[in-house]
Structures are given as structure tokens and as C-alpha cells.
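So that you can map any letter, position 206 of the sequence shown is 206 in full-length UniProt numbering, and since no number is skipped, the others follow by simple counting.
Below is one structure; the comments refer to it alone.
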Amino acid sequence: MANKNVSHVIFDMDGLLLDTERLYTEAIQNVCDPFNKKYTWELKQKVMGKKESESVKIIIEELNLPIPDKQFLEEVHQQYNILFPAVELLPGADKLVRHLHKHNIPIAVVTGSDTASFELKSQNHKAFFSLFHHLVLTGDDPEVRHGKPAPDPYLIGARRFDDGVEPSKVLVFEDAVNGVESAHAAGMQCIWVPHREHDRAILEGKTELILNSLVEFKPEEFGLPAFES
Numbered sequence: 001m002a003n004k005n006v007s008h009v010i011f012d013m014d015g016l017l018l019d020t021e022r023l024y025t026e027a028i029q030n031v032c033d034p035f036n037k038k039y040t041w042e043l044k045q046k047v048m049g050k051k052e053s054e055s056v057k058i059i060i061e062e063l064n065l066p067i068p069d070k071q072f073l074e075e076v077h078q079q080y081n082i083l084f085p086a087v088e089l090l091p092g093a094d095k096l097v098r099h100l101h102k103h104n105i106p107i108a109v110v111t112g113s114d115t116a117s118f119e120l121k122s123q124n125h126k127a128f129f130s131l132f133h134h135l136v137l138t139g140d141d142p143e144v145r146h147g148k149p150a151p152d153p154y155l156i157g158a159r160r161f162d163d164g165v166e167p168s169k170v171l172v173f174e175d176a177v178n179g180v181e182s183a184h185a186a187g188m189q190c191i192w193v194p195h196r197e198h199d200r201a202i203l204e205g206k207t208e209l210i211l212n213s214l215v216e217f218k219p220e221e222f223g224l225p226a227f228e229s
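The structure is reproduced here in C-alpha cells:
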């Protein structure tokens with residue numbers, strides 16, 4: 001797909017900026033273990049990027065777990081409390097975000113996380129997240145009625161920039177297929193940075209660019225300031 005120059009950038013967070021996706025898998029699997037159920041990659045793909053409340057219902061239904069939504073969430077959150085505080089930034093995230101901020105490119109985060117989860121994951125990265133113009137925490141943001149893959153999260157993310165940017169001028173970075181679909185539904189360009197397990201053929205030729213990691217991104221290809229050599 002042809003790339004068009006952009007003026008604003010929005011990032012997903014989990015699995016894109018923060019190395020949390022493997023921790024999500026570990027936490028959910030720990031809760032599923034007593035029931036001898038496997039939280040598979042196929043199931044994980046179905047829930048990535050969705051609101052937590054939606055994800056839980058899908059997991060319980062798909063795995064036929066004999067546990068109420070509320071109890072499942074409580075047990076998963078106990079795992080999060082243990083695992084999330086030590087999460088690290090993924091390769092290329094810090095460099096890219098600081099570069100865009102330095103050059104006054106408006107940047108934001110749109111994530112399926114809620115406020116409590118975000119606070120856990122970001123507690124050792126306060127300076128990093130302070131660089132963003134705003135954060136949309138769709139897990140409990142009252143304005144976000146429908147999570148990814150609906151366009152709502154990214155449309156709201158764009159609307160909260162001070163200058164009311166047109167969606168076509170926004171570049172989104174995503175690691176989940178649900179997120180790419182959300183960005184495209186909102187009329188935005190999207191770079192997909194999939195996990196190793198992803199079948200890239202799913203979106204080959206259907207999104208603007210596919211990268212192995214943020215390290216590979218060349219800002220000038222989308223009309224943004226190039227990295228200093």
C-alpha cells in the first residue's frame with residue numbers, strides 16, 4: 001500500500017511499547033492451569049486489543065471454564081500485580097518516542113488497558129509516558145463504548161489532539177490484528193509490528209507496512225523527521 005505523509009502518531013501499548021503480552025499469557029495461563037485448560041495463541045489472537053471485560057467473556061466461553069467472570073478477573077489481576085511492575089520497554093520504543101517528541105510531532109497512546117492496569121505497567125516508566133500528549137485507556141474510558149476492532153478508540157484518540165487532526169494524517173503502530181482493523185476502520189494508516197507467532201499473510205498487502213520491531217521504522221518514509229545519523 002502507498003504511504004502518505006502524516007502529522008500525528010498514535011501507539012498501541014501492550015506488545016508494542018511494553019513487553020507485556022508474554023506476561024498476559026503467563027498470568028491467564030496460571031489461572032487456567034487448575035482447570036487443565038490451555039490459553040492458546042489462537043485464542044489470544046481473538047482477544048488482543050479488546051476491552052478486558054470483552055476478553056474475559058471470550059476466554060471463559062472458549063475454554064468452557066467453570067468460573068464466574070468476576071472471580072476470573074480477580075485471580076488474573078492477582079497475577080498482574082506480581083508480573084507487571086517489572087515490565088520492560090520493547091526494542092526501539094524509547095528511541096522512536098523520544099525522537100518524535102523532540103521534533104514536536106503530536107503523539108498519543110490508545111490501549112485496551114484500564115487505569116489500574118496502566119498504573120501497574122507504567123510505574124517504572126513515568127518519564128517515558130509523560131512524553132505523550134494524551135493516553136486513551138479504553139478499558140475504563142467512559143467515552144469509549146466499543147473497543148478494538150471498532151474504530152472508536154482511535155477516533156477518540158485523534159479527537160483529543162489539540163488541533164483536531166484528520167484521521168488520514170494519523171499513523172498508528174499496532175501489534176494486534178484487532179488493532180490494525182480498528183485503525184483502518186478509523187481511516188488511519190497503520191504499521192503492524194506482529195509477534196513471531198503471527199501469520200503475516202493475514203495482513204500482507206492489507207496494511208501500510210509490516211515490521212519485525214520498531215527498530216526498523218524509518219520516519220522519513222511517512223513524511224516525519226528522519227533519525228539523526
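We put the CB at the ideal spot given by N, CA and C, even for glycine.
{"Check": "Residues bridged to T111 [DSSP beta-bridge criterion]", "Outcome": "L137"}
{"Check": "Bounding residues of the alpha helix (DSSP H) (the contiguous stretch that carries I202)", "Outcome": "Per DSSP, I202 belongs to no alpha helix (DSSP H) and is neither H nor E."}
{"Check": "Separation of V6 from K169, as counted between CA atoms", "Outcome": "4 Å"}
{"Check": "Rounded separation between P29 and A183 - CA only", "Outcome": "At residue 29 the sequence reads Gln, which differs from the Pro that was named. Near 29 Å, if we compare the C-alpha coordinates of A183 and Q29."}
{"Check": "Delimiting residues of the beta strand (DSSP E) encompassing I105", "Outcome": "Note, I105: premise wrong, no beta strand (DSSP E); not H, not E."}
{"Check": "Inter-stretch contact (C-beta, 8 Å, three-pair minimum) for the stretch 78-94 and the stretch 11-29", "Outcome": "yes"}
{"Check": "Status (buried if at least 16 other CB within 10 Å, exposed otherwise) for D162", "Outcome": "exposed"}
{"Check": "Segment limits, beta strand (DSSP E) that includes I10", "Outcome": "H8 to F11"}
{"Check": "Cβ-Cβ distance between K37 and Q189 below 8 Å", "Outcome": "no"}
{"Check": "Nearest candidate by alpha-carbon position, reference P151, set V193, H8, E216 and T111", "Outcome": "T111"}
{"Check": "Chain-order list of residues whose beta-carbon lies under 7 Å from that of I156 (same chain, five-residue window excluded)", "Outcome": "V136, E143 and V144"}
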